[in-house]
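**Student:** This structure is in structure tokens; I'll ask about it shortly.
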Ligand code: COA
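So, in structure tokens, the structure goes:
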């Protein structure tokens with residue numbers, strides 16, 4: 033394979049043998065995702081959608097960390113205010129992407145690092161993967177239609193544990209719930225995702241896309257509707273005292289104090 037071509041320094045994009053690989057590459061900040069990175073990811077998905085040379089997409093991080101979720105400094109300083117914000121553009125793009133998407137997840141997958149997986153077709157995880165959706169702990173609410181898709185996937189009790197308590201869950205739990213397909217040693221996850229993507233890239237594109245469309249059809253309207261509703265609440269809650277306290281506490285490396293709220 034050739035060296036990855038940077039679309040943007042924190043997101044690498046590489047096309048080889050019909051597979052577009054997007055690598056979240058901001059290790060110094062635990063692969064947390066900024067507005068510019070969401071834009072790069074949304075643009076890459078848009079071009080993958082329209083490029084007939086792309087048959088499948090792989091999204092991967094590093095073998096120690098998939099993503100620490102949204103950049104919390106961005107949440108404080110430039111919160112996504114409208115439906116056109118890069119994060120919402122990325123979420124609409126991934127949730128309606130018509131070709132197969134495979135994710136390779138190792139280490140922590142926080143917030144959108146977990147919820148984006150609900151829109152992937154195949155997910156391979158390192159045995160060090162730790163999934164979490166700590167929106168409540170940050171004074172927020174779910175995004176990416178996770179308030180719908182997590183309940184559908186896990187059942188209400190386990191979704192409530194994941195979304196109300198916001199505690200991490202392991203690769204074994206994720207496998208048992210059906211969030212991921214397989215657990216492998218962290219050093220093997222990206223290679224497995226590539227092998228599976230190459231298999232898909234060798235199949236008839238029209239059949240892949242029609243099959244995906246049919247499988248997703250029952251959820252598509254509800255996903256779009258819930259994502260829009262979550263987005264309105266999320267955008268409002270980003271500006272409210274609980275979230276401001278949670279973000280300030282993270283930046284100041286202290287525990288949040290919600291006692292006065
Ligand atoms: N946004 C911005 N910066 C982040 C970040 C985020 N979501 N997550 C981590 N970082 C930064 C830290 O501030 C730190 O920066 P510094 O070296 O300049 O101080 C650096 O990345 C390393 O993070 P650290 O917390 O020391 O790493 P860790 O290995 O101890 O823990 C995590 C890794 C992912 C468990 C932890 O960083 C974490 O919980 N991050 C926040 C996750 C979160 O709440 N995301 C929002 C979801 S909606």
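In my numbering, the protein residues as written are 33 to 293.
The C-beta atom is built at its ideal place from N, Cα and C for all residues, glycine as well.
Bear in mind that the values here come from a model prediction, so they are computed numbers and not experimental data.
#1: Roughly how many whole angstroms lie between the Cα atoms of residue 86 and residue 212?
#2: Touch check for the stretch 180–189 and the stretch 237–246: three-plus C-beta pairs under 8 Å?
#3: By Cβ distance, which residues of its chain are closer than 6 Å to residue 135, with the 5 residues on each side in sequence left out?
#4: Under DSSP, the beta strand (DSSP E) around residue 290 begins and ends at which residues?
#5: Any chance the CB of residue 130 is under 6 Å from a heavy atom of ligand 1?
#6: Since residue 174 and residue 262 should fall inside the 8 Å C-beta cutoff, what is the C-beta to C-beta distance between them, to a whole number of angstroms?
#7: Just the C-alpha distance for residue 179 and residue 274, rounded to the nearest angstrom, thanks.
#8: Could you pull out every unbroken beta strand (DSSP E) segment of at least 3 residues lying fully inside the stretch 64–96, listed in chain order?
#9: So, with DSSP's three-state summary, where would you put residue 236?
#10: Verify the contact flag: residue 83, CB atom, against every heavy atom of ligand 1, threshold strictly below 6 Å.
#11: Count the other CB atoms, across all protein chains shown, that sit within 10 Å of the CB of residue 39; report buried if there are 16 or more and exposed otherwise.
#12: Is the closest heavy atom of ligand 1 to the C-beta of residue 56 under 6 Å?
#13: Just how far apart, CA to CA, sit residue 56 and residue 44?
**Tutor:** Taking the structure as given:
#1: 23 Å
#2: no
#3: 91, 149, 152, 155
#4: Per DSSP, residue 290 belongs to no beta strand (DSSP E) and is neither H nor E.
#5: no
#6: 6 Å
#7: 20 Å
#8: 88–92
#9: coil
#10: no
#11: Unreliable placement is indicated for residue 39, whose pLDDT of 48 sits below 50; the coordinate value is still reported in the next sentence. Buried, by the Cβ-count rule.
#12: no
#13: 7 Å
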